[in-house]
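In the working numbering, the protein residues as written are 6 to 255.
Structure, rendered in structure tokens:
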């Protein structure tokens with residue numbers, strides 16, 4: 006994510022913490038210190054990119070000054086998190102024990118469903134929040150609602166590590182799975198179709214819509230793939246044998 010407080014500042018997750026560059030990526034240094042390691046996801050708040058949340062194996066951390074200082078706001082393993090588009094003060098955190106939610110920017114937390122589901126990834130559209138789990142498939146709930154609904158018709162792989170919502174049409178959704186490659190839906194997740202033509206590595210941990218029809222898929226030990234027809238056909242892009250754990254864009 007890119008800060009507005011420091012225009013050339015970029016934050017990047019790593020096993021050693023959150024790395025920061027203030028020169029558009031020319032040089033990097035760890036900003037989080039020895040106490041924050043194994044960072045799994047970094048998310049900004051859409052209304053203020055200087056507010057950044059980091060999900061790690063040791064809890065959820067927050068900075069309000071683009072990485073200058075960090076505060077721990079929740080204990081325990083966190084695989085992903087997001088700030089609600091409906092209300093940026095509402096934060097959701099994914100964990101082995103389901104989803105936790107805070108309505109006051111992380112000061113207090115409540116359990117919010119999917120207990121013991123092993124939630125791996127969260128995503129949102131204007132109306133919905135999506136949760137991908139380990140061995141339990143995909144779930145959805147409406148923004149501001151409390152009940153989750155399984156959305157697994159057509160899925161042959163129940164471990165979901167990546168979710169991408171088309172920014173131009175949020176009924177078009179793609180998910181990356183542990184061994185089944187990419188699945189796509191054109192009806193808001195009601196039905197899924199496997200899309201692996203040309204995708205030779207089926208362990209997909211990163212997915213990104215880079216345009217209305219363009220998808221990028223990051224695989225584990227297989228590098229980066231691209232599709233210009235929402236996953237109907239794939240071709241290799243770059244980084245052979247690389248482990249691409251996540252993808253994002255500004």
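Positions of the beta carbon are idealized from the N, C-alpha and C atoms, including for glycine.
Helix, strand or coil at residue 63 [DSSP, three-state]: coil
Own chain, CB closer than 6 Å to residue 257, minus 5 neighbours either side, in chain order: Nothing can be reported for residue 257, as the shown portion of the chain is limited to 6 through 255.
Nearest-angstrom Cα separation, counted from residue 234 out to residue 131: 23 Å
Rounded C-alpha distance that separates residue 49 from residue 238: 32 Å
Beta strand (DSSP E) segment containing residue 242, residue limits: 240 to 243
Check whether residue 228 and residue 246 have beta carbons under 8 Å apart: yes
Residue nearest to residue 180 in terms of C-alpha spacing, selected from 165, 191 and 171: 165
Bridge partner(s) assigned by DSSP for residue 135: 128 and 145
C-beta contact flag for residue 207 and residue 236 at 8 Å: no
Alpha-carbon spacing of residue 95 relative to residue 89, whole angstroms: 6 Å
Beta-carbon proximity list for residue 157, same chain, < 8 Å, skipping 5 on both sides: 142, 143, 163 and 197
Residue environment, residue 240, which counts as buried when at least 16 other CB atoms sit within 10 Å: exposed
C-beta atoms of residue 70 and residue 127 nearer than 8 Å: no
Contact belief for residue 116 with residue 105 at Cβ below 8 Å, rounded distance in angstroms: 6 Å
Residue 237 (DSSP reduced to helix, strand or coil): coil
Contact with chain C by residue 159, beta-carbon distance below 8 Å: Considering every chain present, this structure includes no chain C. It has just one protein chain.
Whole-angstrom distance between residue 217 and residue 171, CA atom to CA atom: 7 Å
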